[in-house]
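First the structure, in the form of structure tokens, and then the observations on it.
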Amino acid sequence: MATRTVLRPARQWLTRGRIWPLESRPLLMGVLNVTPDSFSDGGQFAAPRDAIAHAERMIAEGADLIDVGGESTRPGAAPVDAEEEILRIRPVVEALAESGIPFSIDTAKSAVARVALEAGALVVNDVTAGRSDPDLPRLAAEHGAGYIAMHMRGEPRTMQDAPEYRDVVAEVAEELEAWAEAIEAAGVARDAIAIDPGIGFGKTLEHNLQLLGHVDQILTLGRPVAVGCSRKSFIGRLTGAEADERVPGTIAAHLFAWGRGAQILRVHDVAAARQSLTVWQAIAEGRGGTGDE
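For the sequence shown, counting from 1, position 201 maps to 201 in the numbering used here; every step adds exactly one.
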């Protein structure tokens, strides 16, 4: 890996004029999949009324913003055309905007992002880091939106076909840095670009564990760092748990990532995430009662 400047961790994230402080606690992005085939909750929130109710519940449980996705990116997932993806997300993002709920759009397509951004999306969450649709970063820049650039090699259908790295942490950091710089060159403000090492996207179990153990090295790129471990298959590989039984493993992974500097966590189970973070932070800060309780 070429020599690069080591920067201080980002202190804030700018999304469409909104400044999110990052130093005291991680931001929680509540996952809202409006798809029939997502790996852990496919079909549960495909109906707009169910999706909106779930978004409201996650906000009440402590989510900072809701991440709306209309296309599954699980390993082996078939692609969805923009028209179908728009049909899935439009009623949801419009209702969230009307309710004043902050939300992001999880898409790699500029046509889909445009609908969400025009409704009021604060962030584009792009699993291809701007490489699949060069219009996407430019569109985000036009709206002053935040941008999450995630690391993935290949595409969902092929990303788990024997992924190889010489040094997964160094290579992911190098590639994220290059892709984030390209997004910045397209007009997205530097303070608006977060990076995500892409746990489970083109990585083996060992790759995922190495990345989580060295989140602090990704942090030295000087950009907000997002991590998503929620209910992912590496937890099942380690424990044998099915997707809907992986909340304890998810909490462990996210707390470890936060301890290594992760600043944005993408979660399905918001209440559990918020409670675990609250307790961890209270212990770390030495707060609490003066005797046994």
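Beta carbons are placed, not taken as given, at the ideal position from N, Cα and C, and that holds for glycine. All values reported here derive from a predicted model rather than from experimental measurement.
Residue range of the unbroken alpha helix (DSSP H) whose run includes residue i
i           : result
residue 99  : 82–99
residue 233 : 233–239
residue 255 : 247–259
residue 59  : 48–61
residue 183 : 168–185
residue 213 : 205–213
Cβ neighbour criterion (16 or more within 10 Å) applied to residue i
i           : result
residue 100 : exposed
residue 22  : buried
residue 284 : exposed
residue 102 : buried
residue 246 : buried
residue 105 : buried
Reduced DSSP secondary structure (H/G/I, E/B, other) of residue i
i           : result
residue 29  : strand
residue 22  : coil
residue 192 : helix
residue 243 : helix
residue 134 : coil
residue 104 : strand
residue 227 : strand
residue 78  : coil
residue 149 : strand
residue 278 : helix
Terminal residues of the beta strand (DSSP E) in which residue i lies
i           : result
residue 160 : Careful: residue 160 lies outside any beta strand (DSSP E) and carries neither H nor E.
residue 12  : 12–15
residue 264 : 264–267
residue 126 : 123–126
residue 66  : 65–69
Same chain, Cβ closer than 6 Å to residue i, neighbours up to 5 away in sequence not counted
i           : result
residue 239 : 249
residue 198 : 150, 151 and 152
residue 144 : 16
residue 190 : 184
residue 137 : 130, 183, 186 and 188
residue 48  : 91 and 92
Same chain only: Cβ atoms within 8 Å of residue i, ignoring 5 sequence neighbours per side
i           : result
residue 82  : 109, 111 and 112
residue 180 : 129, 149, 193, 195, 221 and 223
Close beta carbons around residue i, own chain, < 7 Å, minus the five adjacent residues each side
i           : result
residue 200 : 208, 232, 233 and 234
residue 256 : 212
residue 301 : Any answer about residue 301 is impossible in this case: the structure gives the chain only from 1 up to 293.
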